[in-house]
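2 protein chains.
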Amino acid sequence: MSAADATILLVDDHSVVREGYRSVLQKQPGLRVVAEAADGAEAYRLYKSETPDLVIIDLSMPGIGGIEAVRRIRQWDKAARILVFTMHENAGFAVQAIRAGARGYVTKTSPPETLVRAVKDVLAGKIAISPDIDHELALSRISGETSAADVLTPREFEVLRLLLAENTTEEIAETLHVSPKTVANLHSLIKDKLGVASDIELVRLALRQGILTEVDLGEA
Amino acid sequence: MSAADATILLVDDHSVVREGYRSVLQKQPGLRVVAEAADGAEAYRLYKSETPDLVIIDLSMPGIGGIEAVRRIRQWDKAARILVFTMHENAGFAVQAIRAGARGYVTKTSPPETLVRAVKDVLAGKIAISPDIDHELALSRISGETSAADVLTPREFEVLRLLLAENTTEEIAETLHVSPKTVANLHSLIKDKLGVASDIELVRLALRQGILTEVDLGEA
DNA sequence: ACCAACACCGGGAAAATTTCACGACGTTGC
DNA sequence: GCAACGTCGTGAAATTTTCCCGGTGTTGGT
């Protein structure tokens, strides 16, 4: 490893998965994994102490999610290069991630070459999106349906995600370090923006748009 | 690698994740990954042709899911040793997987040692379950989830169905020829009986129990 | 540099709702 | 007969939702 190697921070709550990234990336010359984090808060801390050239981050993680972590890192360093690598094959998430400041969005079903390609593209200053998501985005452009991701701000989307994860207003306020009042206000605003009157409709809409998937549901 | 190595089939739809397993397992003497599959059907085919000593399989995959794959493999070979390795930290899935014939259930949040331990245990003929799921199982044993159809009176169940069909309190009152107040009272009582605090949890529970199915959701 | 637009945070107060306590009525089953 | 329960509803308190407001910080255009 030379001094000119690009440094990378890996963020994923599954340690064996991090091992996978590491294994794939280490085969590439010029790349060096310098740190790993298992959740968003830790990622933020490590970014500040290590200031790596690139962050590769998952979305669904305990505590603050990946989107929120992206937002915070970019707030701290506007030049941060962040590549989202996630299981969610969903245009909405991609839109939100890019809006929050990510420079790339690659799904975990992609072959390793796609990840490597995206890493290099992002390091070169380009925006990298995996082909399946490109396709999804094209489709949603065609159908013209206004999705949650389109009308919600990153913060609102994050609150929505936490609401769907069956947290209470107080727990969410705690997680995001804001007052419960703010969460309640956002909850109300979200419903307004999405044009639903009740929480029940809200969940149904989230299911239709793939923000909440059936596998997230909990015990059978 | 000696002829006495235990042979392993890896099944996961994320290639980079398979790379992670492989990397962790290859550090262990006596273990050899001989095949990889990206979905349930391929796993079944490969099992029949390779008859490995152990299968490590994910649950959420395209096509036939992991549970179904477990069932088929066990149907073909009653002695098959299958270890489920998944992101779902969920007692219900674990129960289903074990019932389908899996000999182990480990979550992806577990450290690599736990996976390695489980692999050895299953190869030794034991049943291996990661600590977090053990805990979940203990909890769910204590407070089993109340089945909606069980504890609700017919009238309450009917109101629940109408609530899920995204009707307002007033519309339901109209439909049932009762006062909106009664519907509101029942709504509250239903949540109480089912042990949920919010409407969001209510919908989730209904989905889990099949009262509301995803096909009811309306247009995409 | 300036301004407009917007995201974000939360207080205050009105409006709506949820929840609780309490009856009333009818049916069922012992 | 009567105890238990489902059903329906009222009133009042408790809580939540909603709306309106001001403040801050950032972004983008002129």
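Top line first, the protein sequences correspond to chains A and B.
Going by numbering that gives the first Met the number 0, the residue at position 72 of the first sequence is 71; the numbering climbs one at a time, nothing skipped.
Going by numbering that gives the first Met the number 0, the residue at position 163 of the second sequence is 162; the numbering climbs one at a time, nothing skipped.
Just so you know, even glycine gets a beta-carbon here, dropped at the ideal spot from N, CA and C.
Beta-carbon contacts of K107/A that lie in its chain and below 6 Å, excluding the five residues immediately before and after: M86
Given a cut-off of 8 Å on the beta-carbon distance, is the pair G19/B and G39/B in contact? no
Residue from L53/A, G124/A, F84/A, D120/A whose Cα sits closest to the Cα of D11/A: F84/A
Count the other C-beta atoms from every protein chain shown that fall within 10 angstroms of the C-beta of G91/A, then say buried if there are 16 or more, exposed otherwise. buried
Would you mind stating whether S22/A and P110/B have Cβ atoms separated by less than 8 Å? no
Touch test, the segment 161-178 of chain A against the segment 109-124 of chain A, Cβ-Cβ under 8 Å, three pairs minimum: no
Between the Cα of T113/B and the Cα atoms of A127/B, V54/B, E67/B, which residue gives the shortest distance? A127/B
Rounded to whole angstroms, what's the CA-CA distance from G209/A to E41/B? Just pull it up for me. 26 Å
Any beta carbon from chain B within less than 8 Å of L162/A's own beta carbon? yes
Reference R73/A; option with closest CA among N89/A, L193/A, R44/A, L159/A: R44/A
Would you identify the three-state DSSP class for V177/A, choosing helix, strand or coil? coil
Closer than 8 Å by beta-carbon distance: list the chain B residues that pair up with D57/A, in chain order. Under the 8 Å cutoff, chain B gives no residues; its nearest Cβ is about 10 Å from D57/A.
Give me the Cβ distance between I189/B and E155/B, rounded to the nearest whole Å; I'm assuming they're in contact under 8 Å. 5 Å
Beta bridge counterpart(s) of E35/A as assigned by DSSP: L9/A
L114/B: contacting residues in chain A (beta-carbon distance under 8 Å): V15
Is D52/B close to chain A? Criterion is C-beta to C-beta, closer than 8 Å. no
So, L8/A versus A36/A, is the Cβ gap smaller than 8 Å? yes
For the segment 88-122 of chain B, which residues have a CB atom closer than 7 Å to at least one CB atom of chain A, in sequence order? N89, A90, G91, F92, Q95, K107, T108, P110, P111, L114
Contiguous alpha helix (DSSP H) assignments of at least 4 residues, all confined to the segment 108-132 of chain B: 111-122
With 16 other CB atoms within 10 Å as the buried threshold, where does S187/A fall? exposed
For the beta strand (DSSP E) that contains I241/B, what are its first and last residues? Any property of residue 241/B remains undetermined from this structure, which presents chain B solely from 0 to 219.
Whole-Å CB distance - L82/A paired with G100/A, under 8 Å assumed: Wrong, their Cβ atoms sit about 11 Å apart, outside the cutoff.
With 8 Å as the limit, tell me which residues of the segment 6-33 of chain A have their beta carbon closer than that to any beta carbon of chain B; keep them in chain order. D12, H13, S14, V15, V16, R17, E18, G19, Y20, R21, S22, V23
Could you tell me whether any Cβ in chain B is nearer than 8 Å to the Cβ of T152/A? no
Is the beta carbon of V182/A closer than 8 Å to that of A172/A? yes
Quick one, which residues of the segment 193-206 of chain B are near chain A if we go by CB-CB under 8 Å, in chain order? A196, S197, D198, I199, E200, L201, V202, R203, L206
By the criterion of Cβ-Cβ separation under 9 Å, what are the contact partners of T167/A in chain B? A196, S197
Using three-state DSSP, classify R204/B as helix, strand or coil. Just to set this straight, residue 204/B is Leu in the shown sequence, not Arg. Of the three classes helix, strand and coil, the one that applies to L204/B here is helix, per DSSP.
Does the distance between the C-beta of L193/A and the nearest non-hydrogen atom of the ligand COA fall short of 7 Å? Among the components modelled here there is no ligand, and therefore nothing to report on the ligand COA.
For A3/B, count the other beta carbons within 10 Å of its own beta carbon; 16 or more makes it buried, fewer makes it exposed. Which is it? exposed
Need the endpoints of the alpha helix (DSSP H) that L211/A sits in, please. That residue, L211/A, is in no alpha helix (DSSP H); it is neither H nor E in DSSP.
Classify T168/A as helix, strand or coil using the three-state DSSP reduction. helix
What number of angstroms, rounded off, separates the C-alpha of R17/B from the C-alpha of D198/B? 38 Å
Per-residue DSSP class, three states only, for E218/B: Residue confidence for E218/B is low, a pLDDT of 39 falling below 50, so the modelled location carries little weight; the figure read from the coordinates is stated next. Coil at E218/B, not helix or strand.
Hey, quick one: how far does the alpha helix (DSSP H) through L72/B stretch, first residue to last? Looking at the sequence itself, residue 72/B is Ile, so the reference to Leu does not match. It spans 65-75 - the alpha helix (DSSP H) in which I72/B sits, taken as one unbroken run.
Just the Cα atoms here: how many angstroms apart are L30/A and D131/A? 25 Å
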